[in-house]
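Student: Counted from 1, the sequence shown has number 43 at position 43 by UniProt numbering; the numbering is strictly sequential. All C-beta atoms in this analysis are idealised placements derived from N, C-alpha and C, irrespective of residue type, glycine included. Let me give you the structure first, and then I'll get to my questions.
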Amino acid sequence: MNNDNSYSGLGATSSPSGQGKHGGTKIFLIGIMGSGKTHWAQRLADQLNMDWIDLDQQIEKATDMPVHDIFATEGEEYFRLKERDTLRQFAGIENIIISTGGGTPCFHNNMEWMNDNGITIWLNVNSATLAERLKRKKYKRPLISHLNDEEMQDFIQAKIKEREPYYAQAKHHISGSQITIEDFTKILTYAQ
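Here is the structure:
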């Protein structure tokens with residue numbers, strides 16, 4: 001399935017059409033930027049016949065502003081409240097995979113809420129792999145676009161250290177730079 005724009009603005013009792021192999025399931029992918037959350041949300045959605053959304057894209061649609069502009073004009077606290085509210089719009093929606101922002105688990109009890117409302121999977125990728133991935137698309141990431149390679153490596157390591165206590169609360173962890181669809185299949189088989 002694809003990233004259906006129809007979720008923007010839905011109330012908590014809405015549900016997507018179609019029932020996938022894992023009907024009734026809500027999967028949250030968490031991890032630092034560059035860990036592959038959106039990539040794997042798309043792949044899993046196709047594999048499992050589920051819908052998927054990118055939480056940051058939903059916030060951008062709701063505010064009609066890119067995330068980096070929200071941070072610049074409204075501030076981080078405004079963004080984090082929007083993020084919390086947007087996340088909770090999916091409370092009653094099932095058969096969906098949600099790719100969260102890197103900071104989503106760290107604010108407003110979002111990690112606890114996600115654990116209570118679905119299957120949480122931390123994509124735990126090492127900092128060297130993240131730096132290599134992010135180098136290629138640095139221009140798309142306002143937090144790192146101005147950093148040289150060494151500064152970016154330091155930034156990534158600091159963010160991992162800061163956020164790891166939240167990420168570690170996920171029900172399931174996938175670690176390594178070579179994540180496969182089979183890693184997710186094992187988790188979902190166990191979680192059902």
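#1: How many angstroms separate the CA atom of His173 from the CA atom of Ile70?
#2: Please report the residue range of the beta strand (DSSP E) in which Thr63 lies.
#3: With H, G and I counted as helix, E and B as strand and the rest as coil, what does DSSP make of His22?
#4: Look at the alpha carbon of Ser6 and the alpha carbon of Arg43, and state the distance between them as a whole number of angstroms.
#5: Since Ile30 contacts Ile160 with CB under 8 Å, what's their CB separation in whole angstroms?
#6: Kindly indicate which three-state DSSP category Ser99 falls into: helix, strand or coil?
#7: Going by Cα to Cα distance, which pick from Met50, Ile98 and Ala41 is closest to Ile59?
#8: With a threshold of 8 Å, are at least 3 pairs of Cβ atoms found where one atom belongs to the region 105–114 and the other to the region 136–149?
#9: So for Leu123, helix, strand or coil by DSSP?
#10: Using the C-alpha atoms, what's the distance from Arg84 back to Thr104?
#11: If we ignore side chains and look at the alpha-carbon of each, how far apart do Thr100 and Ile53 end up?
#12: I need the boundaries of the beta strand (DSSP E) containing His172, first residue and last residue.
#13: Please state if the CB of Gly118 and the CB of Ile27 are separated by a distance shorter than 8 Å.
#14: Taking C-alpha atoms, which residue in Ile156, Ala131, Ser177 and Thr38 lies nearest to Gln57?
#15: Using the C-alpha atoms, what's the distance from Gly102 back to Ala168?
#16: Candidates Glu162, Asn95 and Pro142: which alpha carbon is nearest His68's?
#17: By a C-beta neighbour count over all protein chains shown, 10 Å radius and 16 as the cutoff for buried, is Glu94 buried or exposed?
Tutor: Well, looking at it:
#1: 30 Å
#2: Here Thr63 belongs to no beta strand (DSSP E); instead the alpha helix (DSSP H) covers Leu55 to Thr63.
#3: Residue placement at His22 is poorly supported in this model, since its pLDDT is 47, which falls under 50; the coordinates still yield a value, given next. The answer is coil: DSSP assigns His22 none of H, G, I, E or B.
#4: With a pLDDT of only 41 at Ser6, under 50, the local geometry of the prediction cannot be trusted, and the value read off the model is given with reservation. So the alpha carbons of these two residues sit roughly 20 Å apart.
#5: 13 Å between Cβ atoms; not a contact.
#6: strand
#7: Nearest C-alpha to Ile59: Ile98.
#8: These segments do not touch.
#9: DSSP places Leu123 in strand when its eight states are reduced to three.
#10: For Thr104 and Arg84, the distance between alpha carbons rounds to 8 Å.
#11: 9 Å
#12: Looking at the DSSP string, the run of the beta strand (DSSP E) that includes His172 is His172 to Ser175.
#13: yes
#14: Closest by alpha carbon: Thr38.
#15: C-alpha of Ala168 to C-alpha of Gly102: approximately 13 Å in a straight line.
#16: The residue with the shortest Cα to Cα distance from His68 is Pro142.
#17: buried
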